[in-house]
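Peer 1: Residue numbers are given in my numbering: position 4 of the sequence shown equals residue 15, and the series is strictly consecutive.
Heads up, the beta-carbon is just placed ideally off N, CA and C, and yes, glycines get one too.
Take this structure first; my questions come after.
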Amino acid sequence: MGEVDHYIERIQAAVHTVFQQMQPELLEVVHSYELTPTQFFVLIYVNKKGSCKVSQLAEHMDVKPSAVTLMIDRLEQHKLVEREHDKKDRRVVNIRLSERGKERLKQLIGARKAVAQRYLSSLTTEELEAMASITEKLAQITVFDKNEEEEGKC
């Protein structure tokens with residue numbers, strides 16, 4: 012086994028352990044706000060986009076639009092999202108976060124951040140900087156690979 016393989020095994024084992032410990036707490040936080048993890052994902056996605064169509068959300072989640080419609084119905088019942096007709100084409104319905112949805116998402120992200128802070132509190136500032144740089148680099152690679160993959164579909 013090469014040196015790189017050894018590092019990869021160490022990283023995989025450590026990441027697995029950390030996520031195994033954090034995941035139940037992160038899920039509990041989401042559930043405490045009366046949301047499912049998928050609904051949380053939808054709120055994050057819609058917030059990031061500002062607004063989006065059901066078809067865009069379905070494509071991003073790799074599910075059928077009907078499944079997204081049901082989820083949006085539930086989120087709308089809880090007054091977390093709003094549907095609005097497109098000004099250019101009234102047949103198109105856009106989904107956006109309501110003010111209540113924005114506030115709930117802000118609170119939820121803060122609560123999840125508190126969990127992460129507990130786990131990361133033993134790291135030094137230098138270690139946090141290194142971890143931030145490495146994870147940002149990994150995230151950038153992942154986004155780049157996904158964009159290349161999507162371009163290949165055209």
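Helix, strand or coil for K148 per DSSP?
Peer 2: helix
Peer 1: Going by C-alpha to C-alpha distance, which of R115, S133 and R21 sits closest to L54?
Peer 2: R115
Peer 1: Note down the Cα distance separating K117 from Y130, rounded to an integer number of angstroms.
Peer 2: 20 Å
Peer 1: Out of L37, E14 and R21, point me to the one whose CA is closest to Q128's CA.
Peer 2: L37
Peer 1: Compute the beta-carbon to beta-carbon distance between V57 and L108, rounded to the nearest angstrom, for a pair I have assumed lies under 8 Å.
Peer 2: The distance from the Cβ of V57 to that of L108 is about 6 Å, consistent with a contact at the 8 Å cut-off.
Peer 1: First and last residue of the alpha helix (DSSP H) that includes V26?
Peer 2: E14 to S43
Peer 1: Taking just the CA atoms, how far does A125 sit from T136?
Peer 2: 17 Å
Peer 1: So for Q128, helix, strand or coil by DSSP?
Peer 2: helix
Peer 1: Should the region 60-76 be called in touch with the region 97-112, which here means at least 3 C-beta pairs below 8 Å?
Peer 2: yes
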